[in-house]
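Just so you know, the sequence shown maps onto residues -24 to -1, 1 to 247 in mature numbering (1 follows the signal peptide of the UniProt record, and there is no 0). Beta carbons: idealized from backbone N, C-alpha and C, even for Gly. All figures in this text were calculated on a predicted structure; none of them were measured in a lab.
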Amino acid sequence: MRAVLAGAACCLLAVLFVVQPGSAAEPRIVGGTEADQQYSFAAALQTTDGEFFCGGSLLDASWLVTAAHCVQGRDPSSFTAHVGSNDRTQGGELAKPDKVVVSPDYNSAGAGGDIALVHVSAPVTAAPIRLGTATAVGSTVRLLGWGQTCPTPGCGGGPTMLQQLDSQLVDPARCTAPINPGVELCTDSPDAKSGACFGDSGGPELTQMDGHWALLGVTSRPGAESSTCATAPSIYTSAVAYAAWITKLVSPPSSPTPTPTQPSPTPTPAP
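In structure tokens form, the structure reads like this:
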């Protein structure tokens, strides 16, 4: 019974980070500030009616990464990806998905595997983001999203501009909700009053690598069993842990060029 309850809670917490259809909440990170630079890889997923529901990141011209719970069961033709603009309502490019690939590890009633790839029908020209490398607890990370600015469901609106928040990787034990430390990251702000909220699901958790931003994680769910945002750490799927799966789909190895067969020499007839 305890396992069933834990699984149900995990599923509910993931759903809490998605803007639900008909929600009055305008998405924004709680405690964040308006983005101070252009994040060309940031993607806003929205229905064909223009209703925003999750974030994502451009990995290359044809693939985006987001949270599995954002797109599982959705027809690719039922939503679009607005890429390359901090303003999710204008500018940038509007990409049309034609395929969704959910991680085989994903279980909506358990921890881990909350990651999915979205293929778009035509290449996007915006600059993508590269995958990061393993980062230690205590490291500073940056969160991006159009998630709700206030901590409770339906508590108010906010701007349509992308928000950013510098946060920190913390010990997985700080996340009291079910977490798989092997493939998930526990993140909390130093003041414990800021973090991801409704609508931030699928958005990126970034780290600095060689002076450039790199993708460390994908926003998944709250790190505690609460419907109020930013009162506890948040859980992110580690993009680094799924690098092999991502690379296999996004950049599959090319087939080796067959070696030409040399014709056998024609035997010379004996005199």
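- For Ile211, write down the residues that DSSP places opposite it in a beta bridge. Cys162 and Arg197
- Item | Integer-rounded CB distance, given that Ser16 should sit under 8 Å from Gly60 | 5 Å
- Closer than 6 Å by C-beta to Met137: which residues in its own chain qualify, once you throw out the five before and the five after it? Chain order, please. Glu10, Asn62 and Asp63
- Message: Tell me the DSSP secondary structure of Leu225 in three-state form.
- Response: helix
- Roughly how many whole angstroms lie between the Cα atoms of Val78 and Ala200? 24 Å
- Quick one: what's Glu27 bridged to in DSSP? Paired residue(s): none; Glu27 is not in a bridge.
- State whether the region 140 to 159 contacts the region 107 to 120, with contact taken as three or more CB pairs (one from each stretch) at a distance under 8 Å. Because the criterion of three Cβ pairs below 8 Å is met, the region 140 to 159 and the region 107 to 120 touch.
- Decide if the region 46 to 61 is in contact with the region 119 to 126; the criterion is three or more beta carbon pairs, one per stretch, under 8 Å apart. By the Cβ rule, the region 46 to 61 does not count as touching the region 119 to 126, because fewer than three pairs are nearer than 8 Å.
- Let me know the secondary structure DSSP gives Pro180 once reduced to three states. strand
- Just how far apart, CA to CA, sit Ala103 and Asp90? In a straight line, the C-alpha of Ala103 is about 24 Å away from that of Asp90.
- Query: Heavy atom of the ligand COA less than 7 Å from the Cβ of Gln139, yes or no?
  - Reply: With respect to the ligand COA, the structure shown offers nothing to examine, as it has no ligands at all.
- Identify the continuous alpha helix (DSSP H) that holds Ala44 and give its terminal residues. Where Ala44 is concerned, the enclosing alpha helix (DSSP H) stretches over Ala44 to Val47.
- Close-in-space but distant-in-sequence residues of the same chain around Pro127 (CB under 8 Å, 5 per side omitted): Val6, Cys173, Thr204, Cys205, Ala206 and Thr207
- Within its chain, find whatever has a CB closer than 6 Å to the CB of Gln48; leave out the 5 residues flanking it on each side and keep chain order. If the five residues before and after Gln48 are omitted, its C-beta is found closer than 6 Å to the C-beta atoms of Val78, all from its own chain and listed in chain order.
- Query: Helix or strand or just coil, what does DSSP make of Ala98?
  - Reply: coil
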